Amino acid sequence: MLPAPIPSYATRHPGGCLLPALLRGRVDHIDGATGELLHRYTTVHEPGGLLPIACKTRRASRCPACAEVYRADTYQLIRAGLTGGNGIPATVATHPCVFTTLTAPSFGAVHTHRENNGNVLACRPRRNGGTCPHGRRLSCGDKHSRDDARLGEPLCPECYDYTGAVLFNAHAAVLWRRFTITLRRTLARQAGLTNKAFAAQVRVSYAKVAEYQRRGVVHFHAIIRLDGPTGPTTTPPTWATPALLTAAIHQAARAVTVKMPAAPGLPSRTLTWGRELDTRPITTTGDLTDAKVAAYVAKYATKAAECTGTLDRRVSSSERLASLPVRDHARRHIAECFRLGKLPELEHLRLTAWAHMLGFGSHFSPKSRAYSVTLGSLRADRAIYQRDNAKAAGLLPDLDTDTALVVADWKVAGRADPLPLALLNTASTLPKTGGTPCPDCC
Ligand SMILES: [Zn+2]
Ligand SMILES: [Zn+2]
Ligand SMILES: [Zn+2]
Numbered sequence: 269m270l271p272a273p274i275p276s277y278a279t280r281h282p283g284g285c286l287l288p289a290l291l292r293g294r295v296d297h298i299d300g301a302t303g304e305l306l307h308r309y310t311t312v313h314e315p316g317g318l319l320p321i322a323c324k325t326r327r328a329s330r331c332p333a334c335a336e337v338y339r340a341d342t343y344q345l346i347r348a349g350l351t352g353g354n355g356i357p358a359t360v361a362t363h364p365c366v367f368t369t370l371t372a373p374s375f376g377a378v379h380t381h382r383e384n385n386g387n388v389l390a391c392r393p394r395r396n397g398g399t400c401p402h403g404r405r406l407s408c409g410d411k412h413s414r415d416d417a418r419l420g421e422p423l424c425p426e427c428y429d430y431t432g433a434v435l436f437n438a439h440a441a442v443l444w445r446r447f448t449i450t451l452r453r454t455l456a457r458q459a460g461l462t463n464k465a466f467a468a469q470v471r472v473s474y475a476k477v478a479e480y481q482r483r484g485v486v487h488f489h490a491i492i493r494l495d496g497p498t499g500p501t502t503t504p505p506t507w508a509t510p511a512l513l514t515a516a517i518h519q520a521a522r523a524v525t526v527k528m529p530a531a532p533g534l535p536s537r538t539l540t541w542g543r544e545l546d547t548r549p550i551t552t553t554g555d556l557t558d559a560k561v562a563a564y565v566a567k568y569a570t571k572a573a574e575c576t577g578t579l580d581r582r583v584s585s586s587e588r589l590a591s592l593p594v595r596d597h598a599r600r601h602i603a604e605c606f607r608l609g610k611l612p613e614l615e616h617l618r619l620t621a622w623a624h625m626l627g628f629g630s631h632f633s634p635k636s637r638a639y640s641v642t643l644g645s646l647r648a649d650r651a652i653y654q655r656d657n658a659k660a661a662g663l664l665p666d667l668d669t670d671t672a673l674v675v676a677d678w679k680v681a682g683r684a685d686p687l688p689l690a691l692l693n694t695a696s697t698l699p700k701t702g703g704t705p706c707p708d709c710c
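Last residue of the sequence shown? That's 710 in the numbering used here, and every number before it is there in order.
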């Protein structure tokens, strides 16, 4: 049997991207003084007359190649904020810095994997656990492996508080914002300073990532660092210690709430973080090193809610929920998002739009402004490097950028179909510049 034909764009794939956008157009380099056309690039010469551009998604479930670039950039960004590099001084490693995990509260008993010294323990052993009002047992003596499909599933779906879970996801970013404000105020109080005096001496910098637990709620892993007043280039005062920071984090996490007023069919409720709160100092040696933390955060920056068994795309309200290829626990979250999304009082949460994310619609890995370099600056550095290499290889004209005008005309011609991984890594056939002028375009 003949092999399947390779799509034309595969002959010049943008870094192995599975879902490249396809562009049609040209770029002219014109002498600013004389108006002379110095160089023209056109997609006419590309396979199919189209130039594929990488999708640049962060989601590994959509495009592993682009997500890997995002992961590597995030790793560099996080690591620079811990040990310096990419313009951040190495002295940042001496600043008080901890890794903290803020979790969601319980919304009902779920199947869990438990371990003690490498031995798997029973899920929820209760000799007289009894049954719930729906007749389901409130105990589970099974020893669930890490890949058990039941992990995160409620013992009784009817008892599980899906409303609370969805509302927590929808407000997790607000809780985080209030936590950071309260943390600064708590630190100021502990130091015996006014908020203004504290800000003149200390800056709280952070980078965090959202991770879905199997039960369908997000929790946050955060690197929190104390700097001098202008960020990582300035030294914090000697009273700013990891112990002070840890105590303030725990105090602030316990104090913050989001109060939700009542709505028709929805009693008022107060949202808080869960009781599980873990804060540990980040060091250059030992259990929690800067490299481990950077790798952990970078890994989760490329994930979404897929571990909860939901969909990796938006769900339209016209779709039949019963026929969605999701596990029942996720389906119930999605149904609750649709139900709550119809309440005018909750319109601002956009729960219908974020139903596939079980209500969470915020950025997955935001950072405070002074934490480190930005993803944008890392991408800009890479673009300059690639452009210089292309010029050296004769693939781009080496023109005087001070005098040459660049006139671009692009049109999006669609998006390529997902490309099987086996067809990737085909050698580039990019024509070199300076060849025979093409009568069609030059
Ligand atoms: Zn891609
Ligand atoms: Zn169980
Ligand atoms: Zn029940």
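All C-beta atoms in this analysis are idealised placements derived from N, C-alpha and C, irrespective of residue type, glycine included.
Keep in mind the model is a prediction, meaning the values are calculated, not measured.
DSSP places C334 in the uninterrupted alpha helix (DSSP H) bounded by P332 to T351.
Where W444 is concerned, the enclosing alpha helix (DSSP H) starts and stops at Y430 to Q458. Taking the Cα positions, E426 is about 16 Å away from G484. Contact holds between the stretch 433-449 and the stretch 472-487, because three or more Cβ pairs, one in each stretch, are under 8 Å apart.
For K411, no alpha helix (DSSP H) encloses it, and the DSSP letter there is neither H nor E. Beyond the five residues adjoining it in sequence on each side, F606 comes within less than 7 Å, by CB distance, of S585, T620 and A623 in the same chain, given in chain order.
Take the alpha-carbon of R308 and the one of H297: they are about 6 Å apart. Under a 10 Å Cβ-count criterion, V680 is classified as exposed, with fewer than 16 other Cβ atoms of the shown protein chains found around its own Cβ. Here DSSP, grouped into helix, strand and coil, assigns R599 to helix. Proximity to T399 across T538, V675, C424 and A490 peaks at C424, based on C-alpha coordinates. The DSSP-derived three-state label of D299 is strand.
Partner residues in the beta bridge of T538, as assigned by DSSP, are K527. The chain-ordered list of residues whose CB is nearer than 5 Å to some heavy atom of ligand 2 reads H379, C391, C408 and D410. Setting aside the 5 residues that flank it on each side, G420 is surrounded in the same chain by V378, R482 and R483, each with a C-beta closer than 6 Å to its C-beta; the list follows chain order.
Taken through DSSP and simplified to helix, strand or coil, H616 comes out as helix. S645 sits in a helix when the DSSP states are folded into three classes. Across the set T380, E615 and K567, the C-alpha of T380 shows the shortest separation from the C-alpha of P422.
Of the other Cβ atoms in all chains shown, 16 or more fall within 10 Å of the Cβ of D495; this residue is therefore buried.
In the DSSP assignment, D495 falls within the beta strand (DSSP E) that extends over V486 to D495.
Here the alpha carbons of H313 and Q654 stand approximately 21 Å from one another. For H307, the secondary structure class from DSSP, reduced to helix, strand or coil, is strand. Remark: the C-beta of A322 is in contact range of ligand 1, defined as less than 6 Å to any heavy atom.
Remark: the C-beta of R404 is in contact range of ligand 3, defined as less than 6 Å to any heavy atom. Under the 10 Å beta carbon count, N437 is surrounded by 16 or more other beta carbons and is classified as buried.
The residues H601, E604, C605, L608, L619, L626 and G627, in chain order, have a CB closer than 8 Å to that of V434 in the same chain once the five nearest residues on each side in sequence are set aside. By the CB criterion at 7 Å, C323 and L287 fall inside the cutoff. Separation of H518 and A511 (C-alpha to C-alpha, rounded to the nearest whole angstrom) is 11 Å. For C575, the distance from the CB to the nearest heavy atom of ligand 1 is not below 6 Å. Counting other Cβ atoms within 10 Å of its Cβ, S633 reaches 16 or more and is therefore classed as buried. DSSP, read as helix, strand or coil, puts C575 in helix.
In the three-state scheme derived from DSSP, where H, G and I count as helix and E and B as strand, R548 is classed as strand.
Assigned with DSSP and collapsed to three states, S585 falls in coil, not helix or strand.
Secondary structure at S591: helix, using DSSP grouped into helix, strand and coil. When secondary structure is reduced to three states using DSSP, P315 falls in the helix class.
Between the stretch 366-375 and the stretch 527-546, the count of C-beta pairs closer than 8 Å reaches three or more; the two stretches touch. Excluding sequence positions up to five before and after L589, its CB lies within less than 7 Å of the CB of R599, I602 and A603, all in the same chain and listed in chain order.
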